[in-house]
Amino acid sequence: MAQIPNLDNAPLNLSSLREQSQKELLGILKSIRGRKCVVIDPKLSGSLSLLIQTSLLKESDAELRHLSGDSLQTECPKVVYLVRSQMNLMKLICSNISNDISKGLQKEYFIYFVPRRTVVCEKILEEEKVHQMITIGEYPLYVMPLDEDVISFELDLSYKECAVDGDTSSLWHIAKAIHKLEFSFGVIPNLKAMGKSASKVVDILKRMEVEDPVDISNVGVPEINTIVLLDREVDMFTPMCFPLTYEGILDEILRINNGSVEVDASIMGAQQDGKKMKVPLNSSDKLYKEIRDLQFGVVMQMLREKAMSMKQDYAEISTTRTVSELKDFVKKLNSLPEISRHINLAQHLFTFTSKPSFSARLDIEQTILEGQAYDICFEYIEEMIHKQEPLVNVIRLLVLFSITNGGLPKKNFDYLRRELLHSYGFEHMFTLNNLEKAGLFKKQESKGNWLNIIRALKLLVDESDPSNPSDISYIYSGYAPLSIRLVQHAIRSGWHPIEEILKLLPGPHLELKRGGSPNYPSLDSSRGVPGSLERTTDGHRTLVLVVFIGGVTPGEMSALRFLSSQEGTGYDFIVGTTKVINGDTLLETLISNAG
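Take the sequence shown: its position 347, counting from 1, is numbered 346 in numbering that gives the first Met the number 0, and each next residue is one higher.
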């Protein structure tokens with residue numbers, strides 16, 4: 000299991016959330032007396048690994064299994080399924096139970112839905128005639144702390160469900176998660192929302208406030224000053240771009256999942272070819288916390304210097320005379336595993352980033368973002384298709400090309416569509432339909448607003464010194480993420496001054512004052528002085544929760560950390576997200592044969 004992150008330095012008491020969830024899960028298992036087999040939905044096991052040690056679950060007289068299509072082999076008299084409310088999982092459970100019945104086995108069955116049961120799932124259990132044999136409950140896990148400044152609602156299909164399927168049930172979950180946070184940390188007095196899904200979450204939240212109000216007298220002064228809700232649909236540009244931070248490149252190449260990467264043991268210097276190793280990546284690793292948001296080239300240089308320093312210390316150890324000198328050396332030795340871990344990972348990433356194809360990709364991305372050289376960009380994508388490069392790479396660049404141009408002219412659109420189907424197979428008709436429904440690859444109706452948006456919000460910036468950046472654009476090779484520029488405006492002077500630009504973006508936007516402590520200041524500066532209300536009345540830093548509906552990229556998280564680290568800034572950010580994503584993982588939910 001992945002290392003459980005230490006949350007002691009979180010700007011909010013996230014440990015209490017985690018402890019509450021642990022308690023509820025252990026309470027469920029203890030309420031089912033005797034030996035039991037706990038069968039976990041595989042997609043949940045990563046989340047649970049950040050919540051609770053396996054040993055604690057086993058102490059509840061439980062053996063653990065993953066839910067699969069294979070028949071369940073266990074001698075336990077009780078079987079407890081811990082699953083998300085998904086129809087395909089109900090079919091697997093029904094198949095497991097039918098298999099037991101056919102063998103004449105008599106067991107007690109329990110299903111705990113995470114975070115809540117649904118009528119559709121119960122209907123399937125009824126149709127399969129197993130409903131009467133099952134005790135049904137809920138495990139209300141709405142919020143999962145991934146790190147000291149990141150919480151996830153673990154809704155990995157939220158973007159596809161909203162943008163393609165028209166299923167907005169995930170928005171209820173997000174509203175419920177925020178409402179639960181308010182019971183612990185107070186009603187958030189300032190709310191800003193951008194995009195269609197964000198506005199719907201606000202509507203659901205208003206209903207929840209009426210039906211189940213937070214007792215303000217109980218929770219005291221709200222700990223979170225402002226919540227900014229951002230719909231992924233408002234900024235699909237950023238996920239399609241390739242981040243240049245250490246964490247961003249780690250995620251793109253090795254896929255960070257629930258705070259760890261799985262790599263071949265040989266990459267980490269172990270003599271076990273073919274064996275996989277889990278490497279935890281969270282702020283409990285002090286070196287990782289220090290370097291994750293830096294540009295990869297800067298990280299390589301830092302690691303080189305640390306390694307050279309260690310080498311020098313080893314050389315000097317023979318001349319060490321005093322106890323305090325020895326103590327200092329031992330302290331440095333303690334950080335050796337972290338240094339070697341990141342040197343191994345960085346060397347592996349360098350084999351990818353040093354290829355000419357990597358630089359070529361960044362160059363064409365930049366050309367697309369600048370909205371220039373249409374023909375060159377078109378031919379580059381056409382050539383990728385003809386070379387049959389990985390489909391997700393082609394689609395990622397194609398989406399960026401399409402959305403920066405407001406779609407493609409009919410002739411170009413039809414041609415690329417046809418070439419894609421010829422190269423990758425006609426089953427991808429569904430993929431293309433999904434992209435079109437989501438507005439990611441479509442026929443051009445007008446030239447689009449991209450050039451106006453980049454000029455007005457200063458999204459393209461001449462690159463500064465990557466080792467001492469002055470703007471968030473260092474993360475994406477001179478492109479400042481649109482989403483984070485919106486957050487910057489929201490917290491400095493509100494969105495009113497950029498009202499005309501916001502009209503060029505999809506979906507409505509709104510700013511609300513909500514019930515809470517009347518003494519708690521608004522972030523909107525009524526005197527027009529940016530940042531004049533950055534601090535709360537007691538001098539603490541102002542806490543802002545930024546929620547990404549449809550997923551957040553590691554690059555965007557780095558940008559928020561960069562903003563809060565700037566001198567004179569009185570803000571701390573916590574990121575809330577349906578899932579941590581990158582362009583590939585987001586698009587794979589739309590590719591018809593993915594998974």
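Glycine is no exception: its CB is placed at the ideal position from the N, C-alpha and C atoms.
Range of the contiguous alpha helix (DSSP H) that encloses K77: Residue mapping note: residue 77 aligns to position 78 of the sequence shown, counting from 1. Here K77 belongs to no alpha helix (DSSP H); instead the beta strand (DSSP E) covers K77 to R83.
Less than 8 Å between C-beta atoms, sequence neighbours within five positions excluded: which residues of the same chain meet that for Y570? Here residue 570 refers to the residue found at position 571 of the sequence shown. The answer, listed in chain order, is I490, E533, R540, T541, L542, V543, L562 and S563.
Cα separation between Q387 and Y423? Translated into the one-based positions of the sequence shown, residue 387 becomes position 388. Translated into the one-based positions of the sequence shown, residue 423 becomes position 424. Distance between the alpha carbons of Q387 and Y423: 8 Å.
What first and last residue would you give for the alpha helix (DSSP H) that runs through A176? By 1-based counting over the sequence shown, the position of residue 176 is 177. Run containing A176: S168 to F184, per the alpha helix (DSSP H) assignment.
Using DSSP bridges, identify the partner residues of R64. Residue mapping note: residue 64 aligns to position 65 of the sequence shown, counting from 1. Partner(s): V38.
To the nearest angstrom, how far is it from the Cα of S97 to the Cα of K128? On the sequence shown, position 98 is the one that residue 97 refers to. On the sequence shown, position 129 is the one that residue 128 refers to. Whole-angstrom Cα-Cα distance: 10 Å.
Do the CB positions of V38 and L28 come within less than 8 Å of each other? Taking the first residue of the sequence shown as 1, we reach residue 38 at position 39. Taking the first residue of the sequence shown as 1, we reach residue 28 at position 29. The answer is no: Cβ separation not under 8 Å.
Can you list the beta strand (DSSP E) stretches of 3 or more residues lying completely in the segment 437–513, in chain order? 508–512
Quick check on S591: buried or exposed, where buried means 16 or more other Cβ atoms within 10 Å of its Cβ? For the purposes of this step, residue 591 is taken as the residue at position 592 of the sequence shown. Burial call: exposed.
Nearest by alpha-carbon distance to L228: which of I255, M193, V260 and L140 is it? Here the question's residue 228 lines up with position 229 in the sequence shown. Of the candidates I255, M193, V260 and L140, the one whose C-alpha sits nearest the C-alpha of L228 is M193.
Which residue comes first and which comes last in the beta strand (DSSP E) that contains S259? Stepping through the sequence shown from its first residue, residue 259 is reached at position 260. Unbroken beta strand (DSSP E) run through S259: S259 to D263.
According to DSSP, simplified to helix, strand and coil, what is F572? As a working mapping, residue 572 is identified with position 573 in the sequence shown. Note: F572 maps to strand in three-state DSSP.
Quick check on the DSSP output: the beta strand (DSSP E) that includes V227 runs from which residue to which? Looking up residue 227 in the sequence shown gives position 228. V227 -> beta strand (DSSP E) spans T225 to D230.
Looking at I548 and T588, is the spacing between their C-beta atoms short of 8 Å? Within the sequence shown, residue 588 is the residue found at index 589, counting from 1. Within the sequence shown, residue 548 is the residue found at index 549, counting from 1. No, they are not a contact pair.
Spatial neighbours of N451 in its chain, beta-carbon cut-off 7 Å, leaving aside the 5 residues before and after: For the purposes of this step, residue 451 is identified with residue 452 of the sequence shown, where counting begins at 1. Only L503 meet the Cβ criterion.
Just to confirm before moving on: does the CB-CB distance between P242 and S259 stay below 8 Å? To locate residue 242, count along the sequence shown from 1; it is residue 243. To locate residue 259, count along the sequence shown from 1; it is residue 260. No, they are not a contact pair.
CA-to-CA distance, P480 to L24, given in whole angstroms: Translated into positions along the sequence shown, residue 24 becomes position 25. Translated into positions along the sequence shown, residue 480 becomes position 481. Answer to the nearest angstrom: the Cα atoms are 38 Å apart.
Between A61 and W494, what straight-line distance do the alpha-carbon atoms span, to the nearest angstrom? Within the sequence shown, numbered from 1, the residue matching residue 61 stands at position 62. Within the sequence shown, numbered from 1, the residue matching residue 494 stands at position 495. Taking the straight line from one Cα to the other gives about 52 Å.
Three-state secondary structure (DSSP) of K409: Within the sequence shown, residue 409 is the residue found at index 410, counting from 1. Helix, per DSSP.
Burial state of D202 (16 or more Cβ within 10 Å): By 1-based counting over the sequence shown, the position of residue 202 is 203. Per the 10 Å Cβ criterion, exposed.
Please confirm if the segment 417–437 is in contact with the segment 458–467, defined as three or more CB-CB distances below 8 Å between the two stretches. no
Sequence-distant residues of the same chain with beta carbon closer than 6 Å to N581, five excluded per side: By one-based count along the sequence shown, residue 581 stands at place 582. Within the same chain, N581 has close Cβ partners D250, E251 and T552.
At which residues does the beta strand (DSSP E) containing A192 begin and terminate? Within the sequence shown, residue 192 is the residue found at index 193, counting from 1. N189 to M193 is the extent of the beta strand (DSSP E) around A192.
Could you give the residue range of the alpha helix (DSSP H) that holds S15? Sequence index remark: in the sequence shown, residue 15 carries index 16 (1-based). That run of the alpha helix (DSSP H) goes L13 to S30.
When the distance is taken between beta carbons, is A197 closer than 8 Å to D230? Working through the sequence shown from its first residue, we reach residue 230 at position 231. Working through the sequence shown from its first residue, we reach residue 197 at position 198. Contact: yes.
Measuring straight from C-alpha to C-alpha, what distance separates R303 and L335? As a working note, residue 303 is residue 304 in the sequence shown. As a working note, residue 335 is residue 336 in the sequence shown. The straight-line gap from Cα to Cα measures roughly 13 Å.
Can you say whether L511 is buried or exposed, counting buried as having 16 or more other CB atoms within 10 angstroms of its CB? For the purposes of this step, residue 511 is identified with residue 512 of the sequence shown, where counting begins at 1. Exposed, by the Cβ-count rule.
Could you check the C-alpha separation between S339 and F152 for me, to the nearest Å? Counted from its first residue, the sequence shown places residue 339 at position 340. Counted from its first residue, the sequence shown places residue 152 at position 153. One C-alpha to the other measures close to 33 Å.
Rounded separation between D69 and E126 - CA only: To locate residue 69, count along the sequence shown from 1; it is residue 70. To locate residue 126, count along the sequence shown from 1; it is residue 127. Answer to the nearest angstrom: the Cα atoms are 21 Å apart.
At what residues does the alpha helix (DSSP H) containing V113 begin and finish? In the sequence shown, residue 113 corresponds to position 114, counting from 1. It is not in any alpha helix (DSSP H) - V113 instead sits in the beta strand (DSSP E) that spans E107 to V113.
What separation, rounded to the nearest whole angstrom, lies between the Cα atoms of M89 and Y111? In the sequence shown, residue 89 corresponds to position 90, counting from 1. In the sequence shown, residue 111 corresponds to position 112, counting from 1. So the two alpha carbons sit approximately 12 Å from each other.
Look at the Cβ atom of A174, then the Cβ atom of V142, and state whether they are nearer than 8 Å. In the sequence shown, residue 174 corresponds to position 175, counting from 1. In the sequence shown, residue 142 corresponds to position 143, counting from 1. For A174 and V142, no; Cβs fall outside 8 Å.
Among F400, S101, S84 and S358, whose alpha-carbon lies nearest the alpha-carbon of L156? Mapped onto the sequence shown, residue 156 falls at position 157. Here the closest residue by C-alpha is S84.
Measuring alpha carbon to alpha carbon, tell me which of S472, T403 and G554 ends up nearest E444. Working through the sequence shown from its first residue, we reach residue 444 at position 445. The candidate whose alpha carbon is nearest that of E444 is T403.
Quick one: what does DSSP say D7 is sitting in, helix, strand or coil? To locate residue 7, count along the sequence shown from 1; it is residue 8. Of the three classes helix, strand and coil, the one that applies to D7 here is coil, per DSSP.
Cβ of K285 within 8 Å of Cβ of E337? As a working note, residue 285 is residue 286 in the sequence shown. As a working note, residue 337 is residue 338 in the sequence shown. In this structure, E337 lies closer than 8 Å to K285 by Cβ.
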